[in-house]
Amino acid sequence: MSDFWLHPSVILLVGAALLPLVPRPLKPVWLLVVPVCTFVRVVGLTPGVYGQVEVFDLTLVFGRVDALSRLFAYVMGLITGIATLYGLHVREDGQHMAAWTYAAGSVGAILAGDWLTFFLFWELMALASVFLIWYRRTPQALGAGYRYLLVHLAGGVSLLAGIVWQVGSTGQLDFAPFEVGSLSPAAWLVLLGFLLNAAVPPLHAWLPDAYAEGTFNGSVFLSALTTKTAVYALCRGFAGLELLVPLGVIMALYGVVYAVLENDCRRLLAYHIVSQVGYMVAGVGLGTELAINGTCAHAFAHILYKGLLFMGCGAVLHMTGQSKFTELGGLWQKMPWAFVFTLVGGLSISAFPLFSGFVSKSMVVAAAFEDHRLLAAFLLMLASVGTFLHTGLKVPYFIWFGRNRCKPETWERAREAPWNMNLAMAVTSLLCIFIGSYTPYLYSMLPHPVHYEPYTAYHVSETLQLLLFTAVGFFLLIRKLEPEPTISLDTDWFYRMGGRAFLRWARHPVRTWDDRLGECYRRCGLAGLRAVAGWVRAFDQLVIDGLVDGLAWRIALLGGRLRTLQRGPVQESLTVGLAVLVVGLLLVWWWWR
Amino acid sequence: MNLVAFIAWLRRHLRRLVQGCCVLLALLVIVDAIPGVVNKEHAHTAVERWPGFWALFGWAGCVVLIVLSKWLGHAGLMQREDYYDE
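Line by line, the protein sequences give chains A and B.
Once you know that position 244 of the first sequence is 707 in the working numbering, the rest is easy, because the numbers rise by one and skip nothing.
Once you know that position 30 of the second sequence is 78 in the working numbering, the rest is easy, because the numbers rise by one and skip nothing.
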């Protein structure tokens, strides 16, 4: 083992393990100190290979630090701190422990240098994160959590199969890029596992299903960690894979279309994760330096603004108990700051100039244009229109303005969120604006040198026209966008209804036939067996034994006699005999006298 | 600054606000048409050089997305909330 190297995940895991032992008054301090220590540790990471452990004849690498892994670990550390601050007042230790274990899994997977370590941390994420859904304690959350877990375990099996195959065929345990020109079957299996976690359609339905059912603060962690860890893994393993460009573009538009239909604000945001991760997946597929920079920058910006949006809508959920547009509206008088923070998130995701998305998303689109993929580039611009339409306009409008659809009790409950939630949102808002206004902060962390300038007159003019005229379209068609109390069918239909059909099949035809078979066996089978056994016995006794010397039959007869002796009749005869003797003696004595 | 009072003030002057936004939109397209201000030499395609192309793209894209999505939704994707209840 090399010199001592403190893994950032260890701080989180130890912090989580000790949390129940911390006295109640000191818990908030502990909840702040542990993520801060983790973040300081992540910031202090220097490029190199650390934490090498020899197990049998395998070399595990817990710390591969380079520009790519450092950037992702940095932002994971940052959002863990912010999201913990946001849920500081939550008194259930289990929620914080699950969240930190989940974050430890994410940071661990990002820093892992070999497949085995990577896989272990990857699965730790799935197992820990499901508790952030279950802690909501609603029947819907329970079901969504089970589906989430099953889908992720299926993805994990594919990943593991790919890893075993890959390591078996090459003998190399280190997590190195695949040959994207001609993917081996092992690489396809690994890719499938990655694409599932990145929520690429049709493997994406777990995301809107689960993230909308998570706890108000748990979904902030969920929105940040799983998909972006998968983006990191794709960047590491499959940069330049042609297939990812069309997949990314489809993702970007798919999320936007479903967001139009969605009535639950957090599920709408979840669909926009699919959409935004689409830019990143497309960037990985393009694979140029600009595209990879764009992917990383967008992942960084996305984690913060999407966390902010989930915090804003989570605040509404926490304070009113509602997350559906048809149950909300007109809340600007009650929760104005939550509105401002959500709006900042909305402007950031929409890539407004001076907000974080502007300096990150445009890199991916520019990379597509520079690579002469005009269709992909224009479709990504179209997805930007949809992003502003929903997250920038629909979410703030139908929650804080529009017609007041709140029930009296919802309106009564609604008020500004606690200080810690507002502080977390304020910090994230400032970061979003800082990243968008001062580009060197983010650009200096990117894996490749940056020769890109977002603030040109043309780019600003293009973006402002695109977004502001989208707003015109929104207000013209606002009637069509009025929320409707519906849900949208997605690819989870296949496994939800498929599972149900399987259960029905198991209940009805299988069980009925099982019962019938049992009855048939009891009637025909057992009776037949008994008859056969009777014949065999008779044959044995009469033919075989009779032919030999009847010994068995005689022994059986003697046994029967002996049995009669041993049994009750002996006692009975003795009793009767004794009684007769006593009566006889009495008669003799009477006659003699 | 009282945020609620500020939003209320904006809402009271909604008509002014909308007029101001319309002026801003018009200015945006006009400025886009001035080559001295917005240099389009590095635009990737010919259509991008049209003045106000992205304004049209944004507006038309918005309309297409809403109409197309709602059509898909009403074609069967949108279902009652108790659809999955047994």
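Note that CB positions come from ideal geometry on N, CA and C, so glycine has one too.
If you're wondering where the values come from, they're calculated on a predicted model, not measured in any experiment.
Taking a C-beta distance under 8 Å as the contact criterion, A:P640 and A:A696 do not qualify as a contact pair. Residue contact with chain B for A:S951: present (Cβ-Cβ distance below 8 Å to some residue of chain B).
Taking a Cβ-Cβ cut-off of 8 Å, the neighbours of B:L51 in chain A comprise P799, W800 and V803, given in sequence order.
For the region 926-944 of chain A, residues whose beta-carbon sits nearer than 7 Å to a beta-carbon of chain B comprise L927, Q928, L929, L930, L931, F932, T933, V935, G936, F937, L940, K943 and L944. Taking 8 Å as the cut-off, the beta carbon of A:G757 is found no closer than this to the beta carbon of A:F804. The region 593-601 of chain A and the region 635-653 of chain A do not touch, with fewer than 3 CB-CB distances between them shorter than 8 Å. Listed along chain A, no residue sits closer than 8 Å to B:L62 by beta-carbon distance, the nearest being about 11 Å off. Between A:G792 and A:Y742, the gap from beta carbon to beta carbon reaches 8 Å or more. The C-alpha of A:Q928 is placed about 43 Å away from the C-alpha of A:H559. Rounded to whole angstroms, A:V614 and A:T580 show a C-alpha spacing of 21 Å. A:C895 sits buried, since 16 or more C-beta atoms from the chains shown fall within 10 Å of its C-beta. In this structure, A:G746 sits away from A:E705, with a CB-CB distance that is not shorter than 8 Å.
Contact annotation for B:L65 against chain A: no contact, minimum CB-CB distance about 12 Å [criterion: below 7 Å]. Secondary-structure assignment with DSSP links A:T522 through a beta bridge to A:E517.
Judged by DSSP secondary structure, A:T509 falls outside any alpha helix (DSSP H); it is assigned neither H nor E. Apart from sequence neighbours up to five positions away, the residues of its chain that approach A:L605 with a beta-carbon distance below 8 Å are W597, ordered along the chain.
Under the DSSP assignment, A:T789 falls outside any beta strand (DSSP E); it carries neither an H nor an E label. The beta carbon of B:A103 sits closer than 8 Å to those of L73, L76, V77 and D80, all from its chain and outside the five residues before and after it, given in chain order. DSSP places A:T678 in the coil class of the three-state scheme, outside both helix and strand. For A:D637, DSSP records a beta bridge to A:D577. Boundaries of the alpha helix (DSSP H) around A:M826: S819 to E833. By the Cβ-count criterion, A:I736 is buried, with 16 or more other Cβ atoms from all chains shown falling within 10 Å of its own Cβ. Contact annotation for A:V723 against chain B: L113, I114, L116, S117, K118, L120 and G121 [CB-CB distance below 9 Å, chain order]. Close to B:I55, with beta-carbon spacing below 7 Å, are these residues of chain A in chain order: W795 and P799.
Excluding its 5 nearest sequence neighbours in each direction, A:T783 has C-beta neighbours in its own chain below 6 Å: T873, R876 and A877, listed in chain order.
Take the alpha-carbon of A:L772 and the one of A:T690: they are about 16 Å apart. Less than 8 Å divides the Cβ of A:P946 from the Cβ of A:F861.
Here A:E925 is buried. Its C-beta has 16 or more other C-beta atoms within 10 Å. Annotation for A:M884: the continuous alpha helix (DSSP H) segment containing it runs W882 to S900. In the structure shown, A:R959 adopts helical secondary structure according to DSSP, grouped into three states. Taking 9 Å as the Cβ-Cβ cut-off, the region 71-86 of chain B approaches chain A at L72, L73, L76, V77, V79, D80, V85 and V86, given in chain order.
A:D556 and A:L482 have their C-alpha atoms spaced approximately 7 Å apart. A:E947 has a beta carbon lying within less than 8 Å of a beta carbon in chain B. Per DSSP, the beta-bridge partners of B:M126 are A:S951. Rounded to whole angstroms, the gap between the alpha carbons of A:L658 and A:G809 is 26 Å. Per DSSP, the unbroken alpha helix (DSSP H) holding A:I812 starts and ends at P799 to I812.
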